[in-house]
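Have a look at the structure below before the remarks.
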Amino acid sequence: MVVENVKNIVVIGAGLMGHNVAQIALMTGYKVTLVDIKDEFINNGVAKIDEGLKKLEAKGRLGEGVSASDVMGRLKTNLDLTSAVKDADFVLEAVVERMDIKKDVFKTCDVNAPPHCILATNTSTMSITDIATATNRADKVIGMHFFNPPILMRLIEVIAGEKTSDEAMEIGVKVSESLPCLKGKRFVAKVLKDRPGFIVNRLNAPVGIYRSYITDYAYEKGIPWEQIDADTGGIMPMPPYVLADYVGLDTSYHAANYYAETLHPDFKPGKVTTMMIKEGKLGRKTGQGYYDWSKGRPEPDMSKKAGLLDLELIMAIRLNEGCRLIEEGVVTGWKVIDDANMAGMNTPGPFGAGKNNWEKYTKKLDEFVEKSGREYLRPCELMRTGKFVKMKK
Ligand code: NAI
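Okay, so the sequence shown: first residue is 132 according to my numbering, each after it adds one.
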């Protein structure tokens, strides 16, 4: 199959991610069928797509002479997955993050979709290889990891499972590139190996090990969170403890446990986070986390610093993880990591600064590991030798 033959896309799951992916696929010109398990979920998704398109029409961003209703005219809905995928060329699954449900969905798609159809999953944590075992077409199963919301975040990671064919990857990349993004040019990163966290989430995950160490230390010494936030000097759009509350402590807690199981025990959530989860202090959504959110977003006093948080050490941790991604064969060079981080997180990746500072960063990491015992943060060979500098970008 070639990408020009992709006409009918089925999006499974009309939730936060699914409805938005369906919207951008419609905007490209594909015929889209949106599937969910209840009418109310589908209706909700359709209403949001309609609202989104109407706003764009009003701003003249749907293209010359194109109306929201023209675009909506290409949308169908279906509660029955079996019949929905009968004419599908490409399926994008965005159901809840549960392996048993995803495998059920993939099995149904495999049995009922035409043989040429590519099956893509938007999982943020699960193994593509594992999901593909529910099918008899593992060569046509790919990961297609969007960032939230897909219409505004430029990055899509397209992931190869162990048995994914080059052809399926190519089609996944081309379909991804065809989907519009309102905040600039779409960036598609090829993830060549199915490893936890793919590229961007993996790059930033081990910073959590450091943050957890600092959090437990500060709690023991009675150092207020806002003083650690002040250590960032206001260079971040949201300082770390405000951000942690904003994202939700439960979300980072689950992610930390996932990486503890799949990468290294050092990722296990720390004492303070575990205690706060037990007490139901999940951040913004419960009104209380590190900060009190009952009166809106907290404005920490940034005038007094704790002198605890070392921003260079954070860069060193990310550089080390980026080097590991290269060592593991997830990517073939460093540029895609920096570009993906910019497109997915709106912040620079670690290699720009890392090329000139890797020796200093290596020393910092070694010192931190000696002090903290967090062995996962020990510099890998590629970082310690600086060999990544001479590798192709
Ligand atoms: P959500 O909970 O908003 O939506 C999931 C939808 O799937 C619900 O409407 C649910 O009714 C539907 N669903 C459940 N079982 C189904 C089935 N058997 N058939 C059809 N529909 C079914 O979840 P969200 O946030 O949209 O996440 C979806 C996927 O995207 C997950 O795998 C998640 O990890 C991933 N993802 C989420 C991101 C986020 O920021 N929320 C970012 C990147 C990936």
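Virtual Cβ for every residue (Gly too), placed ideally from N, Cα, C.
- As summarised for the stretch 363-441, there are no continuous beta strand (DSSP E) elements at least 3 residues long confined to that stretch.
- Listed in chain order, the non-local C-beta contacts of Leu157 below 8 Å within the same chain comprise Val163, Ile180, Leu184, Val202, Met203, Arg205 and Leu206, local neighbours out to five positions each way being set aside.
- Under the DSSP assignment, His276 falls in the beta strand (DSSP E) whose first and last residues are Val272 to Phe277.
- When the beta-carbon positions are compared, Phe221 and Ile249 come within less than 8 Å of each other.
- Restricted to the stretch 232-307, the beta strand (DSSP E) segments that are unbroken, complete and at least 3 residues in length are 249-252, 272-277 and 286-291, listed in chain order.
- For Tyr422, same chain residues with a beta-carbon under 6 Å away, outside a window of 5 residues either side, are Asp376 and Pro429 in chain order.
- Distances taken from the Cβ of Thr254 to the heavy atoms of the ligand NAI include one shorter than 7 Å.
- The continuous alpha helix (DSSP H) containing Ile155 extends over residues Leu147 to Thr159.
- Relative to the ligand NAI, the nearest heavy atom lies less than 7 Å away from the CB of Val227.
- Taking the Cα of Ser200 as reference, the smallest distance to any Cα among Val177, Val304 and Asp362 is reached at Val177.
- Exclusion of the five residues before and after Lys138 leaves Tyr161, Lys162 and Asp220 as the residues of its chain whose Cβ lies within less than 8 Å of its Cβ.
- Measuring C-alpha to C-alpha distances from Met406 to each of Tyr384, Asn477 and Pro337 identifies Tyr384 as the nearest.
- In this structure, Ser255 places its C-beta atom within 8 Å of the C-beta atom of Asn332.
- Excluding five sequence positions before and after Asn136, the CB atoms of its chain that fall closer than 8 Å to its own CB belong to Asp220 and His247, given in chain order.
- Collapsing the DSSP output to three states places Lys321 in a strand.
- Comparing alpha carbon positions, the residue from Asp270, Glu301, Pro281 and Pro311 closest to Gly292 is Asp270.
- In this structure, Ala145 lies away from Asp170, with their beta-carbon atoms at least 8 Å apart.
- Within the DSSP secondary-structure output, Asn209 pairs in a beta bridge with Val166.
- Residue pairing by DSSP places Leu223 opposite Val142 and Ala251 in a beta bridge.
- Look at Ser309 here: in three-state DSSP terms it is helix.
- By the CB criterion at 8 Å, Pro281 and Met473 fall outside the cutoff.
- At least one heavy atom of the ligand NAI is found less than 7 Å from the C-beta of Met148.
- A contact between stretches requires three or more CB pairs, one per stretch, nearer than 8 Å, and the stretch 438-451 meets this requirement with the stretch 350-363.
- In this structure, the straight-line span from the alpha carbon of Arg317 to that of Tyr492 is close to 32 Å.
- Gly144 has its Cβ nearer than 7 Å to a heavy atom of the ligand NAI.
- Where Val338 is concerned, the enclosing alpha helix (DSSP H) starts and stops at Val338 to Lys352.
- When DSSP states are grouped into helix, strand and coil, Lys521 belongs to the helix group.
- Scanning its chain for C-beta atoms nearer than 6 Å, with the 5 sequence neighbours on each side dropped, one finds around Gly379 the residues Leu413, Gly414 and Lys416, in chain order.
- Comparing alpha-carbon positions, the option among Ser296, Gly274, Leu187 and Ala299 lying closest to Ile287 turns out to be Gly274.
- The beta carbon of Pro368 is closer than 6 Å to none in its chain, skipping five residues each way along the sequence.
- When the five nearest sequence neighbours on each side are left out, the beta carbons in the same chain lying within less than 8 Å of the beta carbon of Ser198 are those of Glu188, in order along the chain.
- Distances taken from the Cβ of Ile155 to the heavy atoms of the ligand NAI include none shorter than 7 Å.
- Below 8 Å, too few C-beta pairs join the stretch 189-196 and the stretch 216-236 to call them touching: fewer than three.
- Counting only residues of its own chain and dropping the five nearest sequence neighbours on each side, Thr159 has a CB closer than 8 Å to the CB of Ser309, Leu310 and Pro311.
- In the DSSP assignment, Thr516 falls outside any alpha helix (DSSP H) and carries neither an H nor an E.
- Not one heavy atom of the ligand NAI sits closer than 7 Å to the Cβ of Phe482.
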